[in-house]
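There are 2 protein chains.
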Amino acid sequence: MARIVMKFGGTSVADLERIANAAARVKREVEAGAQVAVVVSAMAGVTNQLVGYVDQTSRIYDAREYDAIVASGEQVTAGLMALRLQEMGVAARSWLGWQIPIRTNEVHGKARIEEIGTEALVPRLETGEVAIVAGFQGVSPRGRIATLGRGGSDTTAVALAAALEAERCDIYTDVDGVYTTDPRIVAKARKLERISHEEMLEMASLGAKVLQTRSVELAMNHGVRLQVLSSFEDKPGTLVVDEDEIVEQQIVSGIAYSRDEAKVTLVKVADKPGVAASVFGPLSDAAVNVDMIVQSVSSDGKRTDMTFTVAKSDLERAVATLEKNRDGIEYEDLISDADVVKISVIGVGMRSHAGVAQTMFRTLAEKGINIQVISTSEIKISTLVAEEYTELALRALHTAYGLDAA
Amino acid sequence: MARIVMKFGGTSVADLERIANAAARVKREVEAGAQVAVVVSAMAGVTNQLVGYVDQTSRIYDAREYDAIVASGEQVTAGLMALRLQEMGVAARSWLGWQIPIRTNEVHGKARIEEIGTEALVPRLETGEVAIVAGFQGVSPRGRIATLGRGGSDTTAVALAAALEAERCDIYTDVDGVYTTDPRIVAKARKLERISHEEMLEMASLGAKVLQTRSVELAMNHGVRLQVLSSFEDKPGTLVVDEDEIVEQQIVSGIAYSRDEAKVTLVKVADKPGVAASVFGPLSDAAVNVDMIVQSVSSDGKRTDMTFTVAKSDLERAVATLEKNRDGIEYEDLISDADVVKISVIGVGMRSHAGVAQTMFRTLAEKGINIQVISTSEIKISTLVAEEYTELALRALHTAYGLDAA
């Protein structure tokens, strides 16, 4: 008998009516003969409210208490979903992290799942009882509630699917699948029937907000077949599967963009060994994540320009850190620019096809868009351009790579 | 070093400001050198909201899911209180029922505490760390969250005080102590400095809403010294102690009243063996609790009238049950009256003083108040009168027993 995990995010369980709607979907799978474990998020808004309470109560951030407080949101949804299913005649029981148990490490607030016990769940699933699991949380080695960080319910779902050896992990959300690019910007964006784990991982890291990065990584490592689909519409979503399950591979599967980028340029940095360390060491100490980095070729062998990107929210801290370390780094000027966007084309087909980067550069050039920074990996090419070109660049690239819907 | 338990009810932790106010009281006890365990209720309104969700979700009442849902309220307060104390420089940690553990029986929704483990708490209390315990909940033998019923946080506090062998259990609430009677009705009501467990138990059962009955019972059985005091004012409350700790015992300590009563009279019931069983058996099956019962003396030896009281909320069900069983019971008529009030005088001094009942009957007669039903126990006399006399009767009795404030 097929065993599946279904995950409903905050907007899919935002109120009692939506919980009932989600329960109806669960019932349908049960009636089709599946053994079902359901992972639920907190009702939309609840987690933010709880986090607000925490912020107002203490300037000291105690992650253990934070976890005990915010984990209560999922607990409520799990109980309500179980009750709703019972009301519909489906046997169901709620489960909290410590009851299953979902064992995590000690890193409260951003805990990683280490092990999921299946001894309690499996016999009940086999009797046809639905397990409603509170997402986003587990229990630490010291018996404390530990949360997995924002979006952690996706991770709970995938880890549970791996532990239960589920045939599929369905992620119900407020979009109906993964698109070639953001359909709000590119009208001709197409929903993908399938996408590989690797591509989905890049999409998630590069700004597509459909799935949490960590959950995709976990699905890839454990070979969990994910499906992203809408809780509000009744049609198939996008399957995230192993690369070899995709027969007709596109060269480029999707185009992602992220406005959460800011560019920093250090003008005329000393071009000598150790300069990169003198720049990025202090930034790392200040917990600033650096993304794309380019260093221009020095014309005189003495001074060079160094450009890199940071998250917009880190820009102020990055600039302050660099100014404080100006003497150690030795640069003439610091220029920062928050009006940039990172546009990335993604596709496993790139590995075996030449010219993918060239198409991107040519297309942007034809539209008069200047590329400020380039960075590439095996299956993606990212460029940084002025933010005002976002829509133009996305549409042009979407057409250039043959992704437009017919 | 003194060890105390402090309990804050829903109105005392209604919002973040009040949680801070409660935390300040905890800090003061810590600074005075006490080891402190704190029991908290849910923020006022939260439990009702959660119960509302449950009611709207399912007509089937699954007490296990109900418990998982409503217990989340206390979890949030416990975490917030711990954070607040940390912010004030006081070491603190929140504890849920399953973490301590507070072991209960399987009766979800109305569970009884069977055992409280102290191995985890005591070493931390001894280091000066404050334990913030989520009230109202424990863990069942099957590892499920079990709640203790409404007002259960009082029970948690008293049971914890007993387990920790605490010197005192302070119940912080929105009144500043136990009064001789309801001060909203009788302006001359006095706050009692001390009251015995037995009297408090009667007061609680008879309508005084200061403490939950079960918690007083538990305090009496384990010799826990309770103090009822205000979280909003800075003055001593009322101590609930063993009878022999009260030196100058009043004959009557207090006068309670309950409007939650309804009277049922069965007219001309057959006066024969087994008739009481034929009346009260079906009521018991219908989960109707019967309180006061009187059976008048039969004039002809064949027929008698039988009067008893039930909770107002049960009246409709009681009448329906009796009408359904009319043939089995054999009565001529059924009269019900919801406009009644039960007034009770309470005092352990009654045991050794005659004439206490006589004072009550005479006082009510002087005011022209007809007594409909009487019931007595070792330390209380209750009378049922028409509801419209509530204020008049309370004031007259308060004066007659010498309870008026100077």
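Protein sequences appear in the order of chains A and B.
So the first sequence is numbered by this note's numbering: it starts at 149 and just counts up by one.
So the second sequence is numbered by this note's numbering: it starts at 149 and just counts up by one.
Even glycine gets a Cβ: it sits at the ideal position worked out from N, Cα and C.
Nothing here was measured: the structure is a model prediction, and the numbers come from that model.
Identified DSSP bridge partners for residue i
{"i": "K155 of chain A", "result": "A:V187 and A:I319"}
{"i": "F456 of chain B", "result": "B:V412 and B:I441"}
{"i": "K339 of chain B", "result": "B:Y327"}
{"i": "R451 of chain B", "result": "B:A418"}
{"i": "L374 of chain B", "result": "B:C317 and B:V388"}
{"i": "A404 of chain B", "result": "B:S492"}
{"i": "V533 of chain B", "result": "B:V489"}
{"i": "S344 of chain A", "result": "A:V389"}
{"i": "T295 of chain A", "result": "A:Q285"}
Residue environment, residue i, which counts as buried when at least 16 other CB atoms sit within 10 Å
{"i": "I483 of chain A", "result": "exposed"}
{"i": "R543 of chain B", "result": "buried"}
{"i": "A558 of chain A", "result": "Residue 558 of chain A lies beyond the stretch modelled for chain A, which goes from 149 to 554, so this question has no answer here."}
{"i": "H546 of chain A", "result": "buried"}
{"i": "D481 of chain A", "result": "exposed"}
{"i": "Q538 of chain B", "result": "For the sequence presented, residue 538 of chain B should be read as Thr rather than Gln. The residue in question, T538 of chain B, is buried, as its Cβ has 16 or more Cβ neighbours within 10 Å."}
{"i": "G200 of chain A", "result": "exposed"}
{"i": "S432 of chain B", "result": "exposed"}
{"i": "D448 of chain A", "result": "exposed"}
{"i": "E381 of chain A", "result": "exposed"}
{"i": "D203 of chain A", "result": "exposed"}
{"i": "A180 of chain A", "result": "exposed"}
{"i": "A345 of chain A", "result": "Note that residue 345 of chain A is His in the sequence shown here, rather than Ala. Its Cβ being crowded by 16 or more others within 10 Å, H345 of chain A is buried."}
{"i": "I208 of chain B", "result": "exposed"}
{"i": "M191 of chain A", "result": "buried"}
{"i": "E277 of chain B", "result": "buried"}
{"i": "E213 of chain A", "result": "buried"}
{"i": "R292 of chain B", "result": "buried"}
{"i": "K450 of chain B", "result": "exposed"}
{"i": "A352 of chain A", "result": "buried"}
{"i": "A554 of chain B", "result": "exposed"}
{"i": "Q234 of chain A", "result": "buried"}
{"i": "T252 of chain B", "result": "buried"}
Cβ-Cβ separation, residue j to residue i (assumed contact under 8 Å), whole Å
{"i": "E347 of chain B", "j": "V224 of chain B", "result": "Going by Cβ atoms, the distance from E347 of chain B to V224 of chain B rounds to 36 Å, so no, they are not a contact pair."}
{"i": "F284 of chain B", "j": "T295 of chain B", "result": "5 Å"}
{"i": "V489 of chain B", "j": "R407 of chain B", "result": "5 Å"}
{"i": "D390 of chain B", "j": "G371 of chain B", "result": "6 Å"}
{"i": "T457 of chain A", "j": "A410 of chain A", "result": "6 Å"}
{"i": "A541 of chain A", "j": "I494 of chain A", "result": "Not quite, the Cβ-Cβ distance comes to about 15 Å (not below 8 Å), so this is no contact."}
{"i": "S160 of chain B", "j": "T304 of chain B", "result": "Actually they are not in contact, since the Cβ atoms of S160 of chain B and T304 of chain B sit about 15 Å apart, beyond 8 Å."}
{"i": "R373 of chain B", "j": "C317 of chain B", "result": "7 Å"}
{"i": "G439 of chain A", "j": "K416 of chain A", "result": "Residue 439 of chain A is actually Asp in this sequence, not Gly. Not confirmed; about 23 Å, so no contact."}
{"i": "A367 of chain B", "j": "V334 of chain B", "result": "About 26 Å; that fails the 8 Å criterion."}
{"i": "I280 of chain B", "j": "A307 of chain B", "result": "I280 of chain B to A307 of chain B, Cβ: 16 Å. No contact."}
{"i": "A150 of chain B", "j": "V188 of chain B", "result": "With 8 Å as the limit, A150 of chain B and V188 of chain B do not qualify as a contact, their Cβ atoms being about 21 Å apart."}
{"i": "K258 of chain B", "j": "G297 of chain B", "result": "4 Å"}
{"i": "Q397 of chain B", "j": "D302 of chain B", "result": "Their Cβ separation, rounded to whole angstroms, is 25 Å, which puts Q397 of chain B and D302 of chain B out of contact at 8 Å."}
{"i": "L269 of chain B", "j": "A185 of chain B", "result": "7 Å"}
{"i": "L414 of chain B", "j": "V400 of chain B", "result": "About 33 Å separates the two Cβ atoms, so there is no contact after all."}
{"i": "G355 of chain B", "j": "A404 of chain B", "result": "5 Å"}
{"i": "R499 of chain A", "j": "I527 of chain A", "result": "7 Å"}
{"i": "V364 of chain B", "j": "I319 of chain B", "result": "That pair is no contact at about 10 Å."}
Checklist entry - the segment 186–210 of chain B: which residues have C-beta closer than 8 Å to a C-beta of chain A, in chain order? => result Identification of residues in the segment 186–210 of chain B having a C-beta nearer than 8 Å to some C-beta of chain A yields L198, Y201, V202, Q204, T205, S206, R207, I208 and D210, given in sequence order.
Next on the checklist: Along the segment 273–293 of chain A, where does the CB come closer than 7 Å to a CB of chain B? Name the residues.
Outcome noted: Contacts with chain B (Cβ-Cβ distance below 7 Å) from the segment 273–293 of chain A involve G291, listed in chain order.
Next on the checklist: As an exercise, report each continuous beta strand (DSSP E) stretch of at least 3 residues that is fully enclosed by the segment 469–530 of chain A, in chain order.
Outcome noted: Scanning the segment 469–530 of chain A from its first residue to its last, the whole beta strand (DSSP E) runs of 3-plus residues come out as 481–494 and 521–525.
Checklist entry - Which runs of the alpha helix (DSSP H) fall wholly inside the segment 225–286 of chain B and span at least 4 residues, in chain order? => result With a minimum length of 4 residues, the unbroken runs of alpha helix (DSSP H) contained wholly in the segment 225–286 of chain B fall at 269–274.
Checklist entry - Of all the residues that make up the segment 223–247 of chain B, which are near chain A by a beta-carbon distance shorter than 8 Å? => result Per Cβ criterion, the list reads Q223, V224, A226, G227, L228, A230, L231, R232, Q234, E235, R241, S242, L244, W246 and Q247.
Checklist entry - Relative to chain B, which residues along the segment 154–165 of chain A have a C-beta separation below 8 Å, given in chain order? => result Within the segment 154–165 of chain A, contact with chain B at the beta-carbon level (separation under 8 Å) is assigned to L164.
Checklist entry - Quick one, which residues of the segment 211–222 of chain B are near chain A if we go by CB-CB under 9 Å, in chain order? => result Flagged, chain order: R212, E213, Y214, D215, A216, I217, V218, A219, S220 and G221.
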